[in-house]
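Here my numbering runs 99 ahead of the position in the sequence shown, where the first position is 1. Don't be surprised by glycine CBs; every beta carbon is placed ideally from N, CA and C. Since we're looking at a predicted model, the values are computed, not measured. Here the structure is laid out as structure tokens; the discussion comes afterwards.
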Amino acid sequence: MTNEAFARVRIDQLLKDAAWKLTDGVMTTTGHSGHLPTRRAFGDVRVHLEFQEPSPPAGQGQWRGNSGLFLMDLYEVQILDSYANPTYADGAMGALYGQEPPKVIASRPPGQWQCLDVQFRAPRFAGAALVRPASVTVQVNGVAVQQDAAFRGPTRFGELARYAPHPERLPFALQDHDDSAGVAFRNIWALPLAPSARPHHGQGGQS
């Protein structure tokens, strides 16, 4: 058991106000309404959420059902309709966006509820030096698509950003991708984890 209370709350209590549609506990992207961060800050954390891609699907590649889970509002696990929808590897569902492709595509057809489960370890810094990169284990619909995979830096489109020291805890956020309205979310919960003292064994660390 962790040294903090289990954090499971209603969506409208967990997430800050934003121009997302909220109906009967289901929150849906509307397009052009931006990131939706949590009210609470987290470091090492387990996150569970259920999501549903629009049906019938619209668009192709990155323009189909695009969203994301931004851990610490910096490190993105990609959410995308990857069912029969080819795109670049490190942009598929379950990717560390722009850095690490998923080991397998585990997406269900659009219109079905799907599960994303993430165990995240925040980066560790000693002053300005990176001691251990952020890392994540990801399951999509119960299938492991990332295992202790290291982020090579914060997520940036089209570039690899370098690590810079930041607070030990920050909100996580859901992305409303500008051109992908209609991605729905429900049953979101977060469980703070006790800090891990073990060495990091993932790849891609940056000093």
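Under the three-state reduction of DSSP, which class applies to Q161: helix, strand or coil? In the sequence shown, counting from the first residue as 1, residue 161 sits at position 62. Secondary structure of Q161 (DSSP, three-state): helix.
So F169 is in the beta strand (DSSP E); what residue range does that whole segment cover? Reading the sequence shown from its first residue, position 70 is the one you call residue 169. It spans 166-170 - the beta strand (DSSP E) in which F169 sits, taken as one unbroken run.
Given this structure, state the Cα-to-Cα distance separating F219 from F250, to the nearest angstrom. Translated into the one-based positions of the sequence shown, residue 219 becomes position 120. Translated into the one-based positions of the sequence shown, residue 250 becomes position 151. So the alpha carbons of these two residues sit roughly 11 Å apart.
Evaluate the contact criterion for the region 119-129 versus the region 281-290: three or more CB pairs, one atom per stretch, below 8 Å. Touching, yes, given that three or more Cβ pairs across the two stretches are closer than 8 Å.
Taking F150 as the reference, which of R207, R261, K202 has the closest Cα? As a first step, residue 150 must be located in the sequence shown, where it is residue number 51. Ranking R207, R261, K202 by Cα distance to F150 puts R207 first.
The beta strand (DSSP E) with Q274 in it runs from where to where? For the purposes of this step, residue 274 is taken as the residue at position 175 of the sequence shown. Where Q274 is concerned, there is no enclosing beta strand (DSSP E), given that its DSSP letter is neither H nor E.
So, for N240: in the same chain, excluding its five sequence neighbours on each side, which residues have a beta-carbon less than 8 Å away from its beta-carbon? If you number the sequence shown from 1, residue 240 lands on position 141. Answer for N240: A205, S206, R207, Q213, C214, listed in chain order.
Residues near V108 by beta carbon distance below 7 Å, same chain, minus five either side: Your numbering for residue 108 matches position 9 in the sequence shown. Confidence at V108 is low in this model, with a pLDDT of 46, below 50, so its placement is unreliable and no value can be given for it.
Find the nearest neighbour of L179 within the set G190, G124, L170, D172, judged by alpha-carbon distance. As a working mapping, residue 179 is identified with position 80 in the sequence shown. For the residues G190, G124, L170, D172, the minimum Cα distance to L179 belongs to G190.
Could you tell me the boundaries of the beta strand (DSSP E) in which S186 lies? As a first step, residue 186 is located in the sequence shown; it is residue number 87 there, counting from the start. The sequence shown places Thr at residue 186, rather than the Ser named in the question. In the DSSP assignment, T186 falls outside any beta strand (DSSP E), carrying neither H nor E.
Below 8 Å between beta carbons: does that hold for V176 and V235? By 1-based counting over the sequence shown, the position of residue 176 is 77. By 1-based counting over the sequence shown, the position of residue 235 is 136. Yes.
The beta strand (DSSP E) spanning D247 covers which residue range? Indexing the sequence shown from 1 puts residue 247 at position 148. For D247, the enclosing beta strand (DSSP E) covers residues 242-249.
Nearest-angstrom Cβ-Cβ length linking E199 and Q245, presumed shorter than 8 Å: The count along the sequence shown starts at 1 and reaches residue 199 at position 100. The count along the sequence shown starts at 1 and reaches residue 245 at position 146. Rounded, the Cβ-Cβ distance is 7 Å, consistent with contact.
Which of the three DSSP states is assigned to I324 in this structure? The structure shown does not extend to residue 324, since the chain is modelled only from 100 to 306, so the question has no answer here.
What residues in its chain sit with their C-beta under 8 Å from that of R266, if we drop five residues either side in the sequence? Your numbering for residue 266 matches position 167 in the sequence shown. Correcting the residue type first, residue 266 is Pro in the shown sequence and not Arg. Only residues of its own chain outside the window of five on either side were considered, and among them A140 have a CB closer than 8 Å to the CB of P266, listed in chain order.
Whole angstroms is fine: what's the gap from R261's alpha carbon to A233's? Numbered from 1 along the sequence shown, position 162 holds the residue referred to as residue 261. Numbered from 1 along the sequence shown, position 134 holds the residue referred to as residue 233. Inter-residue distance for R261 and A233 is about 12 Å (C-alpha atoms, whole angstroms).
For G257, which option in D123, N184, G197, G158 has the closest C-alpha, if you only look at C-alpha atoms? Reading the sequence shown from its first residue, position 158 is the one you call residue 257. Nearest Cα to G257 within the set D123, N184, G197, G158: G197.
Note down the Cα distance separating S306 from A248, rounded to an integer number of angstroms. Taking the sequence shown and counting its residues from 1, the one referred to as residue 306 is at position 207. Taking the sequence shown and counting its residues from 1, the one referred to as residue 248 is at position 149. In this predicted model, S306 has a pLDDT of only 31, less than 50, meaning its place in the structure is not dependable enough to derive any value.
Using only CA atoms, which one of N165, P222, P209, A221 lies nearest to A194? Here residue 194 is taken as the residue at index 95 of the sequence shown, counted from 1. The shortest C-alpha separation from A194 is found at N165.
Might you give, ordered along the chain, the residues of its own chain that have their beta carbon closer than 6 Å to the beta carbon of R268, omitting 5 neighbours on each side? Taking the first residue of the sequence shown as position 1, residue 268 is located at position 169. Excluding residues within five positions, the ones whose Cβ falls inside 6 Å are A140, F141, G142.
Which first and last residues belong to the beta strand (DSSP E) in which W288 is found? Translated into the one-based positions of the sequence shown, residue 288 becomes position 189. Residues 283-291.
Roughly how many angstroms lie between the CA atoms of Y182 and P209, to the nearest whole one? On the sequence shown, residue 182 is found 83 positions in, with the first residue counted as 1. On the sequence shown, residue 209 is found 110 positions in, with the first residue counted as 1. Straight through space, the alpha carbons of P209 and Y182 are spaced by roughly 7 Å.
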